[in-house]
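Enquirer:
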Amino acid sequence: MKKIITIVGARPQFVKAAVVSRAIKKLGGIQELIVHTGQHFDHNMSDVFFEEMEIPKPAYNLEVNSLGHGAMTGRMLEKIEAVCLEEKPDMLLVYGDTNSTLAGALAAKKIHIPVGHVEAGLRSYNMRMPEEQNRILTDRISDILFCPTETAIDNLQREGYDNIDCEIHRSGDVMYDAALFYKKKQQDFTMPEGLVSGGYVLCTIHRAENTDDMERMQFIVEALNNLHKKLPVLLPMHPRTKKKIEEAGLALKVKTIDPVGYLDMVQLLDRAKFVVTDSGGLQKEAFFFKKHCLTLRPQTEWVELISNGVNQLVNSLEEFNAGAERLMKENSFPEVNLYGTGNAGEEIVEQIKAFLK
Ligand code: UD1
């Protein structure tokens, strides 16, 4: 039996890892140990995902959080190395682009444990983003790279990955697997008070480039307040955003709620008129649920959403207002398949097994 260690730490990683864990159980032959770095620690940001998605309990929780990038990544690196030395896995698997991802990949690589990267090859081409730094460095030291899209494969080829000693696979997107799986799952759901199906905009904001830049935060708050007068805006608020808005004394007048679990998010998405976000994951989830999206960022890794006309980058009040006006009247959505067949989890596990043989 081969042993792999899965590193998770931040909210979207719980969703992605749940898909692969389920495939591991189904296909057999691999023992998986989950290591939670502790990056996200509030009940609503972490435990609720493990409960709802039936993810195996982490074998280790490293409890590293609320630190600057250097200290956070450094402490994770040290603690993950210790776990690897103790457990001696055949491979370490990381997801996405967070500090937990980079720390995991680097810890394993330095002691010659093969690294697998799920969601490899994505680029925003903005090196100031911590996520862009994390994903480029993680890709470069990974032994097996699982790309969600054709664009991701092209990005790697342009960077010369054909000449680098690693395997590259187009696996499809595990988030698409998750959306299909959990959409089918029946569950109790109560609409937040005052909202009706099809009659609100679902919004999330948490990126450092927005929350830590006062000018951008001001424009975003003004844009959302304006929109809210025409169509209710529902904002499940990330703790980082809450803190920053309070510190800045900004008057946000939309409907805010605590962060929600994945199952509620799916229900909220399914009923929204459209989506406004700076999250990488939610841009795609909007697409899975046939919702248009305005993205509050200068670039996106999911360029195929832009070229297919279902996502628009908005970086000023004028762009936001025009985009929102357009989407309030929009009633159609194109039929295109961009993220695989919903089988990415099993695809990844088969490739891991072949790699470890
Ligand atoms: C991180 C990832 C980002 C990912 C996001 C998903 C990095 C660099 N960024 O951003 O790529 O899209 O997670 O949500 O890894 N906090 C709490 N409770 C929590 C979690 C966070 O209070 O449960 C606070 C932290 O103390 C910190 C702030 O929120 O002050 C930001 O958390 P952090 O983990 O640094 O980054 P995210 O913004 O969540």
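Going by our numbering, the first residue of the sequence shown is number 371, and it counts up by one from there.
We put the beta carbon where it would ideally sit given N, CA and C, even for glycine.
For the stretch 385-398 against the stretch 441-450, are there 3 or more C-beta pairs whose distance is under 8 Å?
Expert: No, the stretch 385-398 is not in contact with the stretch 441-450.
Enquirer: Quick check on residue 461: does DSSP put it in helix, strand or coil?
Expert: Strand.
Enquirer: Any heavy atom of the ligand UD1 within a distance shorter than 8 Å of the CB on residue 535?
Expert: For the ligand UD1, not one heavy atom lies less than 8 Å from the Cβ of residue 535.
Enquirer: Who pairs with residue 362 in a beta bridge, going by DSSP?
Expert: Limits of the chain in this structure are 371 at one end and 727 at the other, which puts residue 362 out of reach.
Enquirer: In the stretch 629-705, which residue ranges form an unbroken alpha helix (DSSP H) of at least 4 residues, counting only runs that do not cross its ends?
Expert: With a minimum length of 4 residues, the continuous alpha helix (DSSP H) runs that stay inside the stretch 629-705 are 632-641, 650-658, 673-677, 687-699.
Enquirer: Any heavy atom of the ligand UD1 within a distance shorter than 8 Å of the CB on residue 651?
Expert: Correct: residue 651 has its Cβ closer than 8 Å to the ligand UD1.
Enquirer: Mind checking residue 528: buried by the 16 CB within 10 Å criterion, or exposed?
Expert: Exposed is the call here.
Enquirer: Going residue by residue through the stretch 584-608, where are the continuous beta strand (DSSP E) segments of at least 3 residues, counting only ones entirely within it?
Expert: List check, beta strand (DSSP E) in window: 603-606.
Enquirer: Which stretch, first to last residue, makes up the alpha helix (DSSP H) that contains residue 395?
Expert: 381-397 is the extent of the alpha helix (DSSP H) around residue 395.
Enquirer: What residue from 700, 415, 722, 422 has the CA that sits closest to residue 555's CA?
Expert: The shortest C-alpha separation from residue 555 is found at 422.
Enquirer: Can the beta-carbon of residue 493 be found less than 9 Å from the beta-carbon of residue 502?
Expert: Yes. Within cutoff.
Enquirer: For a cutoff of 9 Å on Cβ pairs, would you count residue 572 as touching chain B?
Expert: Given the protein chain composition of this structure (a single chain), no chain B is represented.
Enquirer: Assuming the contact rule is C-beta atoms closer than 8 Å, residue 374 and residue 461 should be a hit. Round their C-beta distance to whole Å, please.
Expert: Contact flag correct, Cβ pair sits at about 5 Å.
Enquirer: Should residue 487 be listed as close to the ligand UD1, given that the test is whether its C-beta is under 8 Å from any heavy atom?
Expert: No, since every heavy atom of the ligand UD1 falls outside the 8 Å radius drawn around the Cβ of residue 487.
Enquirer: Could you tell me whether the stretch 578-598 touches the stretch 510-522, using the rule of 3 or more Cβ pairs below 8 Å?
Expert: Judged by Cβ distances under 8 Å, the stretch 578-598 makes no contact with the stretch 510-522, as fewer than three pairs qualify.
Enquirer: I need the DSSP call for residue 712, collapsed to helix, strand or coil.
Expert: In the structure shown, residue 712 sits in coil (DSSP, three-state: anything other than H, G, I, E or B).
Enquirer: Please determine if the stretch 569-577 and the stretch 606-616 are in contact, where contact requires at least 3 C-beta pairs separated by less than 8 Å.
Expert: Taking 8 Å as the limit for Cβ pairs, the verdict is that the stretch 606-616 does touch the stretch 569-577.
Enquirer: According to DSSP, is residue 623 part of a helix, a strand, or is it coil?
Expert: DSSP places residue 623 in coil when its eight states are reduced to three.
Enquirer: Give a yes or no on whether the C-beta atoms belonging to residue 369 and residue 710 are separated by under 9 Å.
Expert: Beyond the ends of the chain as shown, which are 371 and 727, falls residue 369; an answer cannot be given.
Enquirer: Around the ligand UD1, which residues pass a check of Cβ closer than 5 Å to any of its heavy atoms?
Expert: Those residues are 380, 381, 409, 410, 411, 412, 415, 436, 468, 469, 500, 501, 576, 609, 610, given in chain order.
Enquirer: Are the Cβ atoms of residue 687 and residue 668 separated by less than 9 Å?
Expert: Cβ atoms of residue 687 and residue 668: not closer than 9 Å.
Enquirer: Could you check whether residue 642 and residue 518 sit closer than 9 Å to each other, using their CB atoms as the reference points?
Expert: No, the Cβ-Cβ distance between residue 518 and residue 642 is not below 9 Å.
Enquirer: Rounded to whole angstroms, what is the Cα-Cα separation between residue 640 and residue 481?
Expert: When rounded, the distance between both Cα atoms is 45 Å.
Enquirer: Quick check: what's the CA-CA separation for residue 498 versus residue 420?
Expert: If you take the alpha carbons of residue 498 and residue 420, they lie about 31 Å apart.
Enquirer: Identify the continuous beta strand (DSSP E) that holds residue 486 and give its terminal residues.
Expert: Per DSSP, residue 486 belongs to the beta strand (DSSP E) from 485-488.
Enquirer: Of the residues 386, 671, 727, 726, which one's Cα is nearest the Cα of residue 548?
Expert: It is 386.
Enquirer: If you run the structure through DSSP and keep just helix, strand and coil, what is residue 405?
Expert: Here residue 405 sits in strand by DSSP.
Enquirer: Give me the Cβ distance between residue 521 and residue 383, rounded to the nearest whole Å; I'm assuming they're in contact under 8 Å.
Expert: Residue 521 to residue 383, Cβ: 21 Å. No contact.
Enquirer: Can you give the Cα-Cα distance for residue 663 and residue 708, rounded to whole angstroms?
Expert: If you take the alpha carbons of residue 663 and residue 708, they lie about 16 Å apart.
Enquirer: Determine the extent of the alpha helix (DSSP H) in which residue 419 is found, giving its start and end residues.
Expert: Looking at the DSSP string, the run of the alpha helix (DSSP H) that includes residue 419 is 417-422.
Enquirer: I need the boundaries of the alpha helix (DSSP H) containing residue 538, first residue and last residue.
Expert: Where residue 538 is concerned, there is no enclosing alpha helix (DSSP H), although the beta strand (DSSP E) it sits in stretches over 537-540.
Enquirer: Which two residues bound the contiguous alpha helix (DSSP H) that contains residue 476?
Expert: Counting along the chain, the alpha helix (DSSP H) containing residue 476 begins and ends at 469-480.
Enquirer: For a test of the three-state rule: what should DSSP assign to residue 495, helix, strand or coil?
Expert: Three-state result, residue 495: coil.
Enquirer: At a cut of 8 Å, does the stretch 617-629 reach the stretch 646-657 through at least three beta carbon pairs?
Expert: The answer is no - the stretch 646-657 does not touch the stretch 617-629, with fewer than three Cβ pairs under 8 Å.
Enquirer: Following the continuous beta strand (DSSP E) through residue 574, name the residue where it begins and the one where it ends.
Expert: Its beta strand (DSSP E) spans residues 571-574.
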